[in-house]
Every structure is written in structure tokens, then in C-alpha cells.
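First residue of the sequence shown: 0, per numbering that gives the first Met the number 0; consecutive thereafter.
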Amino acid sequence: MYSTDVVKENAYLSATRSGLESNEIATLQRSLPSRFNLRHLKKNESLKLVLQKKAGKSRVVAYKFTSGSFNYTAYRISDKKFYNLSDTSGKGSLDYPLPATARLSSPFNPARLNPVSGKVSPHNGIDYSMPMNTKIVSVIDGKITRAEYNSTMGYFVEVTGKAGVKTRYLHLNKILVT
Numbered sequence: 000m001y002s003t004d005v006v007k008e009n010a011y012l013s014a015t016r017s018g019l020e021s022n023e024i025a026t027l028q029r030s031l032p033s034r035f036n037l038r039h040l041k042k043n044e045s046l047k048l049v050l051q052k053k054a055g056k057s058r059v060v061a062y063k064f065t066s067g068s069f070n071y072t073a074y075r076i077s078d079k080k081f082y083n084l085s086d087t088s089g090k091g092s093l094d095y096p097l098p099a100t101a102r103l104s105s106p107f108n109p110a111r112l113n114p115v116s117g118k119v120s121p122h123n124g125i126d127y128s129m130p131m132n133t134k135i136v137s138v139i140d141g142k143i144t145r146a147e148y149n150s151t152m153g154y155f156v157e158v159t160g161k162a163g164v165k166t167r168y169l170h171l172n173k174i175l176v177t
């Protein structure tokens with residue numbers, strides 16, 4: 000089950016109300032650029048959380064931190080770190096090797112309406128639409144673990160990096176792995 004929470008003052012105090020352990024907020028704090036402090040959010044700052052609730056415990060799976068016009072969105076991946084696609088701080092961030100023509104076609108969404116099946120289900124990835132014949136560059140260093148055809152994903156390539164983090168590149172018109 001997923002829910003959302005908006006924090007506008009002190010994230011550590013709000014953690015208790017949301018069923019989060021204080022170490023969850025500490026993990027969020029470490030993933031943010033150091034100039035921001037979740038203990039003392041300023042008037043123009045807010046923190047939106049996407050929570051996964053299991054057996055009475057809450058876990059942050061994604062968050063968006065806003066400070067004025069600065070937006071920082073991060074997603075938790077299997078290695079328990081948060082990743083921000085445009086951040087290069089080395090705190091667990093993914094590179095962003097996309098051409099300027101890339102368009103976000105489907106963001107992370109715990110309750111996404113599938114455009115093909117019409118069913119609501121979690122979409123635990125981020126999809127970008129690219130022009131045909133765009134060269135694909137992996138966002139992580141790793142090994143190619145799959146390169147095949149699937150009836151729902153079309154031609155796709157899967158890259159597995161450190162700590163088991165996987166990225167997939169779907170709906171390709173052909174596979175050319177180098």
C-alpha cells in the first residue's frame with residue numbers, strides 16, 4: 000500500500016506521525032545536497048514523500064524536496080540508496096546521458112494507470128521517449144544481463160550494476176550491444 004505525506008516544518012517530527020523511523024529521515028537528509036536541512040525547513044521549502052506501508056511500518060520509496068524554484072526528486076532503488084537522475088554528487092545518483100530531445104513519458108508512480116491494459120498498478124521506473132535510432136547509453140556502470148525480445152517489452156536490454164541495481168531499455172527497434 001502506498002500513501003503520500005507533505006512535510007512543511009520539521010521532517011524529523013513529521014516522521015513519527017507518518018510511521019517512519021528517524022533513520023529513514025536521516026537517510027533522506029544524507030541524500031540531499033548539504034545546504035538543505037530537514038530539521039528546519041524554511042518557509043519556501045517542502046518535502047513530499049511517497050510511502051510504502053507494510054506490516055505497520057512505513058518506508059520512503061520516493062520523495063520530492065522543493066526549495067523556492069529548486070526541485071530535487073529522488074527514488075529508492077534496491078540497494079537502499081536514493082537516486083536523482085540529474086544529480087552528480089556521488090551520493091548514489093544516476094547519470095543522465097539523454098539527448099535534449101528526450102521526453103519524460105511515464106514517471107515513477109505507485110498507482111499508475113497502464114495506458115495499454117487500463118489497469119492500475121505500480122510503475123517502479125522512469126520512462127523516456129526518444130526519437131527512432133537514438134543511441135542508448137546506460138545510466139549505470141554494469142554488465143549486460145539480458146538482451147532479448149519480450150512480447151510486452153519488445154526488444155530490450157537489461158544492465159545490472161553494483162548492489163544489484165538494474166536498468167532496462169525497452170521498446171527498442173533493434174539490439175546492437177557494444
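Ideal placement from N, C-alpha and C gives every residue a C-beta, glycine not left out. Note that this is a predicted model, so its numbers are computed, not measured.
- [ ] Note down the Cα distance separating L180 from S116, rounded to an integer number of angstroms.
- [x] Residue 180 is absent from the model: the chain starts at 0 and stops at 177.
Open item on the list: Can you find the residues in the same chain that come closer than 8 Å, C-beta to C-beta, to Y62, ignoring five residues on each side of it along the sequence?
Closed with: For Y62, where only same-chain residues beyond five positions count, the Cβ hits under 8 Å are L27, L46, K47, L48, V49, T72, A73 and F81.
- [ ] Output the distance between the C-alpha atoms of K90 and L175, rounded to the nearest integer angstrom.
- [x] In this prediction, K90 has a pLDDT of 46, which is less than 50 and means its spatial position is unreliable; what the coordinates show is noted afterwards. Inter-residue distance for K90 and L175 is about 31 Å (C-alpha atoms, whole angstroms).
Open item on the list: As a quick exercise: from V158, K56, R34 and Y168, pick the residue whose alpha carbon is nearest that of S199.
Closed with: Outside the displayed range of the chain (0 to 177) lies residue 199, so it cannot be described from this structure.
Task: Beta-carbon proximity list for A146, same chain, < 7 Å, skipping 5 on both sides - done: Cβ neighbours of A146 beyond the five flanking positions: V156, I174 and V176.
TODO: Give the DSSP-derived three-state secondary structure of L37 in the structure shown.
DONE: Coil.
TODO: Taking 8 Å as the cut-off, decide whether the C-beta atoms of S128 and R102 are in contact.
DONE: R102 sits close to S128, with the two beta carbons spaced by under 8 Å.
Task: Segments of 3+ residues assigned as beta strand (DSSP E) that fall wholly inside the region 133-176 - done: If we require 3 residues or more, the beta strand (DSSP E) runs fully inside the region 133-176 come out as 141-149, 153-160 and 165-171.
Open item on the list: So if DSSP puts N70 in a beta bridge, which residue, or which two residues, is it bridged to?
Closed with: Residue pairing from DSSP places N70 in a beta bridge opposite T65.
Open item on the list: Give me the residue from A162, M131, H170 and K142 with the minimum Cα distance to S150.
Closed with: When each option's Cα is compared against that of S150, the closest is H170.
Open item on the list: From the DSSP secondary-structure annotation, give me the bridge partner or partners of D105.
Closed with: In the sequence on display, residue 105 carries Ser and not Asp. Partner(s): D126.
TODO: State buried or exposed for V158, treating a residue as buried only when at least 16 other CB atoms are found within 10 Å of its CB.
DONE: V158 comes out buried.
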